[in-house]
Amino acid sequence: MMLRRCQHCISAIFGIGTWSKLLRACVACVVVIMLVGLYYLLVIDKSEIHFGEEENPNIASWLPGLPESKSFLRLHLDIRTIVKRKLLNLTTEVDDIGVINPHPFRYMNNPGRCKFKNHDVRTVLVIVKSAVLNVFLRHAIRTTWGNISEDNVKIVFMLGRNNSNGQQRTIDLEAAKYNDIVQEDFIDAYFNNTLKTIMSFKWATQYCENAQFLLFVDDDFVIDLPKILIYIYSILEVDVETLFTGHRIIQPVVRDKRSKWALPLEVFPYKYWPPYLAGGAYLASMQVAKKFCYAFPYIHILVIDDGWLGIVAMNVGINPQDNHFFHNNGWYAHLALVYQCCHTPKETLHFWWQYNQEKTFRFWTPG
845 MMLRRCQHCI SAIFGIGTWS KLLRACVACV VVIMLVGLYY LLVIDKSEIH FGEEENPNIA
905 SWLPGLPESK SFLRLHLDIR TIVKRKLLNL TTEVDDIGVI NPHPFRYMNN PGRCKFKNHD
965 VRTVLVIVKS AVLNVFLRHA IRTTWGNISE DNVKIVFMLG RNNSNGQQRT IDLEAAKYND
1025 IVQEDFIDAY FNNTLKTIMS FKWATQYCEN AQFLLFVDDD FVIDLPKILI YIYSILEVDV
1085 ETLFTGHRII QPVVRDKRSK WALPLEVFPY KYWPPYLAGG AYLASMQVAK KFCYAFPYIH
1145 ILVIDDGWLG IVAMNVGINP QDNHFFHNNG WYAHLALVYQ CCHTPKETLH FWWQYNQEKT
1205 FRFWTPG
């Protein structure tokens, strides 16, 4: 009796004449759902899969049938093992066979080895990636957030070259006056930022290896260096060996040709970047910097410098760590210690004055 009442109710609600018809309809729906799920698992483009933190970095490609010769990641190379051998000075001639990114540029200006007067506290090298033409912006940095008296901190500016002889003479005079300019002879341009990143790590590990921490900053940023130092002093020793921290990003590769961040599929055949840190400001330990430097020669270069550095990190087993001190927006903006704000000397000076007046980013408006 109860079953018959249920059948009547179902028929009234769904307009289905009999219980058997409803049952067949339900079974058909379940079968369709299962087939769709199976199709998704078997046929979906494998390049949709994210780079996971624990994924094997030596997978050649997740695009079916892509030849290894056209792959970005190199299956035949165990880069992590090569880096370990280099750290122990156990490299062989075989390790040099796979070099594809030798970075064959020379220094045009080099302040030489950096020395810290105070080794009782942690030593920090601040590396400012600066456009070669931004002479007055560098001067604004030297007179604002870069005007520091701490004996355990050094600041250097990283530049490429300009084709103008007159401009180069200006840079040479600036370098002679301040002794804080590192310049290589590649063309200084946005799409050479990866070369500038390589230069920065290379110079730091060769000429300032007594720096325990490297803080990378673009010249359109303002940073609260005293508070960053307090944060650095608080880092546990156990965490220093793998320290690579900043604003962590995971996102798809841009394919729209109208974007300056676009990469064609044949250049980078994956739909997602591995986890990486926003390139405007991030912090790394010297141990991590050395691992990166040893890995650079074995990794195809890309023009997207921060995404490329995420690939390097993945290859050497370093996990980029998110850090709310490096966020300019969202829930943690009020805790930020780095601020992307200023494209001109006037903006830098105005922001610095207002920041010291208000001690908070949210009250600042561009001048």
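Quick note on the numbering used here: the sequence shown kicks off at 845 and runs consecutively. In this text, a Cβ means the ideal position worked out from N, Cα and C, and glycines have one as well.
Residue i: first and last residue of the uninterrupted alpha helix (DSSP H) it sits in
{"i": "Ser1044", "result": "Asn1037 to Tyr1051"}
{"i": "Asn1009", "result": "Asn1009 to Tyr1022"}
{"i": "Ile929", "result": "Residue 929 is actually Arg in this sequence, not Ile. Where Arg929 is concerned, the enclosing alpha helix (DSSP H) stretches over Ile923 to Leu931."}
{"i": "Asn1200", "result": "Pro1189 to Glu1202"}
{"i": "Asn1159", "result": "Asp1149 to Asn1159"}
{"i": "Val1084", "result": "Glu1081 to Val1084"}
Straight-line gap, residue i to residue j (C-alpha atoms, nearest Å)
{"i": "Phe1169", "j": "Tyr1077", "result": "14 Å"}
{"i": "Met952", "j": "Ile1093", "result": "34 Å"}
{"i": "Tyr1199", "j": "Leu1193", "result": "10 Å"}
{"i": "Glu1202", "j": "Asp1166", "result": "27 Å"}
{"i": "Lys1115", "j": "Gln1095", "result": "9 Å"}
{"i": "Val1026", "j": "Gly1010", "result": "18 Å"}
{"i": "Ile1155", "j": "Trp1117", "result": "8 Å"}
{"i": "Leu977", "j": "Val1000", "result": "16 Å"}
{"i": "Leu1107", "j": "Val1098", "result": "6 Å"}
{"i": "Phe1088", "j": "Leu1017", "result": "35 Å"}
{"i": "Asn1036", "j": "Val1147", "result": "6 Å"}
{"i": "Phe949", "j": "Leu1003", "result": "12 Å"}
{"i": "Lys959", "j": "Trp989", "result": "21 Å"}
{"i": "Ile1074", "j": "Asp995", "result": "15 Å"}
{"i": "Thr1041", "j": "Tyr1034", "result": "12 Å"}
{"i": "Ile1015", "j": "Thr1038", "result": "21 Å"}
{"i": "Met1130", "j": "Val997", "result": "14 Å"}
{"i": "Tyr1120", "j": "His1091", "result": "8 Å"}
{"i": "Ala1128", "j": "Glu1110", "result": "31 Å"}
{"i": "Val979", "j": "Asn933", "result": "40 Å"}
{"i": "Gln1012", "j": "Glu1081", "result": "43 Å"}
{"i": "Asp1122", "j": "Lys1104", "result": "The identity of residue 1122 in the sequence shown is Ala, whereas the question assumes Asp. Roughly 16 Å between the two C-alpha positions."}
{"i": "Arg1213", "j": "Val1084", "result": "This structure gives no information on residue 1213, because the portion of the chain shown stretches from 845 to 1211."}
{"i": "Asn954", "j": "Arg1005", "result": "13 Å"}
{"i": "Asp1024", "j": "Trp1197", "result": "24 Å"}
{"i": "Ser993", "j": "Lys1021", "result": "18 Å"}
{"i": "Arg986", "j": "Asp964", "result": "25 Å"}
{"i": "Lys961", "j": "Asn991", "result": "17 Å"}
N-terminal and C-terminal residue of the beta strand (DSSP E) that residue i is part of
{"i": "Glu1028", "result": "Ile1025 to Ile1031"}
{"i": "His1091", "result": "Phe1088 to Ile1093"}
{"i": "Asn1173", "result": "Asn1173 -> no beta strand (DSSP E), and no H or E assigned at all."}
{"i": "Ile999", "result": "Val997 to Arg1005"}
{"i": "Phe1060", "result": "Phe1057 to Asp1062"}
{"i": "Tyr951", "result": "Tyr951 to Asn953"}
Three-way DSSP call (helix, strand, coil) for residue i in this model
{"i": "Gly1123", "result": "strand"}
{"i": "Arg982", "result": "helix"}
{"i": "Asp939", "result": "helix"}
{"i": "Pro1096", "result": "strand"}
{"i": "Lys1135", "result": "helix"}
{"i": "Ile971", "result": "strand"}
{"i": "Tyr1114", "result": "coil"}
{"i": "Asp1166", "result": "strand"}
{"i": "Ile992", "result": "coil"}
{"i": "Gln1184", "result": "strand"}
{"i": "Ile1067", "result": "strand"}
{"i": "Arg965", "result": "Looking at the sequence shown, residue 965 is not Arg but Val. It is coil, neither helix nor strand."}
{"i": "Ser905", "result": "With a pLDDT of 31 at Ser905, under the threshold of 50, the modelled position of that residue is not reliable, and the figure given next carries that caveat. DSSP places Ser905 in coil when its eight states are reduced to three."}
{"i": "His894", "result": "Low confidence applies here, because His894 scores a pLDDT of 39, under 50, leaving its location unreliable; read the following figure in that light. The answer is coil: DSSP assigns His894 none of H, G, I, E or B."}
{"i": "Ser1078", "result": "helix"}
Sequence-distant residues of the same chain with beta carbon closer than 7 Å to residue i, five excluded per side
{"i": "Pro946", "result": "Pro1141"}
{"i": "Ile1079", "result": "Leu1087"}
{"i": "Asn1172", "result": "Ala1180, Tyr1183 and Gln1184"}
{"i": "Lys984", "result": "It should be noted that the sequence gives Ala, not Lys, for residue 984. These residues qualify, in order along the chain: Pro1189, Thr1192 and Leu1193."}
{"i": "Ser1044", "result": "Ile971, Lys973, Met1002 and Phe1060"}
Spatial neighbours of residue i in its chain, beta-carbon cut-off 6 Å, leaving aside the 5 residues before and after
{"i": "Val943", "result": "Pro1141"}
{"i": "Asp1068", "result": "Leu1181"}
{"i": "Ile926", "result": "Asp939"}
{"i": "Lys930", "result": "Tyr1138"}
{"i": "Ile1145", "result": "Asn945 and Thr1038"}
{"i": "Lys1071", "result": "Leu1181"}
{"i": "Val1160", "result": "Arg924, Val927, Lys1135 and Ala1139"}
Contacting residues, own chain, Cβ-Cβ under 8 Å from residue i (five flanking each side not counted)
{"i": "Arg982", "result": "Val972, Ser974, Phe1001, Glu1018 and Asp1063"}
{"i": "Phe1065", "result": "Gly1124, Ala1125, Val1182, Tyr1183, Gln1184, Cys1185 and Cys1186"}
{"i": "Asn1007", "result": "Ile1031"}
{"i": "Arg957", "result": "Tyr1051 and Cys1052"}
{"i": "Thr936", "result": "Arg929"}
With three or more C-beta pairs closer than 8 Å as the rule, is the region 1049-1058 touching the region 963-972?
They touch, by the three-pair rule.
Count Cβ pairs between the region 1046-1053 and the region 1123-1140 that sit closer than 8 Å; are there 3 or more?
Yes, the region 1046-1053 touches the region 1123-1140.
Does the region 1143-1152 come within contact of the region 1017-1033, defined as at least 3 CB pairs closer than 8 Å?
Flag = no, the region 1143-1152 and the region 1017-1033 do not touch.
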